[in-house]
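Undergrad: This is the structure, below, for whatever I ask next.
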Amino acid sequence: MTLTERNASLFLLIVTCLLVNHCQTSCIGKTMLRSGGISCEEKQIILDEHNRLRQLVALGQIHGQPGAANMMEMIWDDELAAIAQRWADHCAESHDSLRNVRRFAVGQNIARSWTTRPPGPYDGEPNWRRQISGWFNEVQYYHSGYSKITGHYTQLVWGDTFLLGCGYSFYYDPARGYTKNYVCNYGPSGNVLGFQPYKLGQPACGNYGMSYSNRYAGLCSRGSYYYLGALCVYG
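Letter by letter, the sequence shown follows residues -25 to -1, 1 to 210 in mature numbering (1 follows the signal peptide of the UniProt record, and there is no 0).
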């Protein structure tokens, strides 16, 4: 092994140790009860719920909100999901500052819920529909552009965002109780200062070099990205 190869190996070893140690110490004092990823059924629920709500906005069916000309159909992205899961397993209560990927900046919605009641057999399972609806319900406070009080909503309906990946963990925190921790990453990121979430008007995908989704009326699709209609394929 050359000196350069030894240095490269040492560098990778140091980075790996730092990352592993960082992950191991991030949940000190807490007991992890579920981690490591979400099922394909959960992924499908997340994706369908995002697209259902985006469709309602695009078609102008949300009271007080104009329709969207360029609202894209979301598809699942494994890289974004892996980064989201890493952060969910981190037990952090803040946003992940290292979530960006080489392709683009990444937006992020996070949420936690707590209970002091010991969980039953299924109480540690995520309720993705309820959580995503909670983010979306910030629409009642939305007026224009980006603000912190409606940032979950605007990221969820950002027209140019079309890649999605989420993670989940469930742990016991002595200070708060049994904690459900939700993380969703979005690409390319929304919530850009000075910009509206989407182009106002009726759906007009062709005006933006896109085709119409064959699953969700009013949503647009990029033909260069392959979409598998069901994330869960059964034999």
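Idealized CB from N, CA, C, for every residue including glycine. Bear in mind that the values here come from a model prediction, so they are computed numbers and not experimental data.
Starting from V158, trace the alpha helix (DSSP H) both ways and give me its first and last residue.
TA: No alpha helix (DSSP H) contains V158, which is instead part of the beta strand (DSSP E) from 152 to 162.
Undergrad: Using a Cβ distance threshold of 8 Å, determine whether the region 38 to 47 contacts the region 173 to 182, with at least three qualifying pairs required.
TA: Result yes; three or more Cβ-Cβ pairs closer than 8 Å.
Undergrad: Check whether the region 84 to 99 touches the region 142 to 159, counting contact only when three or more Cβ pairs, one atom from each stretch, lie closer than 8 Å.
TA: Counting Cβ pairs under 8 Å, three or more are found: they touch.
Undergrad: Please list, in chain order, all residues of the same chain as T125 whose beta carbon is under 7 Å from its beta carbon, the five residues on each side excluded.
TA: The residues are E113, Y116, Y117.
Undergrad: With distances taken from CA atoms, which of A67, P172, G12, G95 is nearest A57?
TA: Ranking A67, P172, G12, G95 by Cα distance to A57 puts G12 first.
Undergrad: Tell me whether the beta-carbon of Y146 lies closer than 7 Å to the beta-carbon of M7.
TA: In this structure, M7 lies closer than 7 Å to Y146 by Cβ.
Undergrad: Relative to the C-alpha of V132, which candidate in Q171, S144, R61 has its C-alpha closest?
TA: It is Q171.
Undergrad: Starting from the Cα of Q130, find the closest Cα among R105, C141, P101, G162 and give me that residue.
TA: Out of R105, C141, P101, G162, G162 has the C-alpha closest to the C-alpha of Q130.
Undergrad: So A192 and Q40 are in contact, right, with Cβ under 8 Å, and what is the actual spacing, rounded?
TA: The Cβ separation is near 17 Å, so there is no contact.
Undergrad: Please report the Cβ distance between L194 and A33, rounded to the nearest whole angstrom; I am assuming they are in contact, meaning their Cβ atoms lie under 8 Å.
TA: At roughly 6 Å, the Cβ-Cβ gap stays under 8 Å, so L194 and A33 are in contact.
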